[in-house]
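Asker: Please read through the structure below; I'll follow up with questions.
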Amino acid sequence: MVVVDDDPALARALAINLKAHGYQVTVAHDGKSALDAVAHAHPQVVILDLGLPDLDGIEVLDGIRGWTPVPVIVLSARSTSAEKVAALDAGADDYVTKPFGMDELLARVRVAARRQAGAAPDRTAVADEVQTADFTVQLGAHRVLDAAGAPVRLTPTEWAVLEVLLRHRGKLVPQKQLLVEVWGPAYEHETHYLRVYLAQLRRKLEPDPAHPRYLITEPGVGYRFESPAPNAAG
């Protein structure tokens with residue numbers, strides 16, 4: 001676990017609580033130290049404050065996302081919906097507004113850690129493949145390949161959203177159900193999370209993200225995964 005916050009008292013309190021719950025913790029107080037810590041510690045989860053003295057937290061998040069899908073929980077006093085969406089769109093997996101309850105943060109850490117563990121490839125699993133003309137999803141191996149066979153890197157949260165839709169492929173998954181299955185009951189009204197993550201998945205998987213053929217939105221209702229045959233006409 002890497003905790004990044006420029007407030008020494010808060011960082012110390014977070015470290016004490018996380019260690020008390022069995023996590024190994026590395027603390028960083030600025031953006032450059034945070035990037036070094038993530039590179040060397042290979043953490044299970046990163047807790048990232050956006051208000052850092054040297055780099056904006058979004059820049060740090062961009063740096064992390066450049067090479068690892070580790071779950072990142074953002075901490076911030078910035079509380080508007082636009083700011084939350086900006087952080088999620090930059091690759092954050094969750095967003096916690098300061099001030100926050102320690103029990104709530106620990107619960108979110110547990111969810112992120114479980115998601116990260118579930119995203120680890122299982123090389124012994126028999127892949128349940130979903131093939132399309134543009135990509136192949138191997139559910140058993142937690143892997144996505146593009147049309148040329150190259151891996152498509154998804155974050156644990158992107159994978160979790162895609163997996164739920166694939167498990168119900170061809171059927172409408174209501175917004176509330178998708179939020180609860182991926183993030184938990186406390187998130188059932190956070191519909192902006194879905195908009196952000198479906199947009200990210202479309203950018204990675206759809207040949208024309210503005211006119212999706214696989215990841216379909218039913219406005220105000222939910223989402224579904226359509227799976228045209230690989231040789232279907234475009």
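FYI, full-length UniProt numbering numbers position 109 of the sequence shown as 109, with every residue one higher than the one before it.
Note that beta-carbon positions come from the ideal geometry of N, C-alpha and C, so glycine has one too.
(1) For Ile64 versus Asp94, is the C-beta distance shorter than 8 Å?
(2) Sort Glu218, Pro219, Ala199 and Gly220 by Cα distance to Ala210 and report the nearest one.
(3) Could you tell me the distance, in whole angstroms, from the CA atom of Leu145 to the CA atom of Lys171?
(4) Does DSSP classify Thr97 as helix, strand or coil?
(5) How is Asp224 classed by DSSP in three states: helix, strand or coil?
(6) Could you name the residues of the same chain whose beta carbon sits closer than 6 Å to that of Asp6, not counting the 5 residues immediately before and after it, in chain order?
(7) Just confirm the distance between the C-beta atoms of Leu178 and Val196, as a whole number of angstroms; I'd bet it's less than 8 Å.
(8) Roughly how many whole angstroms lie between the Cα atoms of Asp122 and Phe225?
(9) Using alpha carbons as the reference points, say which of Met1, Ala90 and Gly101 lies closest to Thr157.
(10) Helix, strand or coil: how does DSSP classify Gly57 here?
(11) Can you tell me whether residue 235 is helix, strand or coil according to DSSP?
(12) Should the stretch 104 to 115 be called in touch with the stretch 40 to 47, which here means at least 3 C-beta pairs below 8 Å?
Answerer: Let me spell this out:
(1) no
(2) Ala199
(3) For Leu145 and Lys171, the gap between their C-alpha atoms comes out near 23 Å.
(4) strand
(5) In the sequence as presented, Asp is not what sits at residue 224; that position holds Arg. DSSP places Arg224 in strand when its eight states are reduced to three.
(6) Cβ neighbours of Asp6 within its own chain (closer than 6 Å, five residues either side excluded): His29, Leu52 and Pro53.
(7) Their Cβ separation, rounded to whole angstroms, is 13 Å, which puts Leu178 and Val196 out of contact at 8 Å.
(8) Since pLDDT at Asp122 reaches only 44, below the 50 mark, its modelled position is unreliable, and the value read off the structure follows with that caveat. Each residue's alpha carbon lies about 23 Å from the other.
(9) Ala90
(10) helix
(11) There is simply no residue 235 to check, as the chain begins at 1 and stops at 234 in what is shown.
(12) yes
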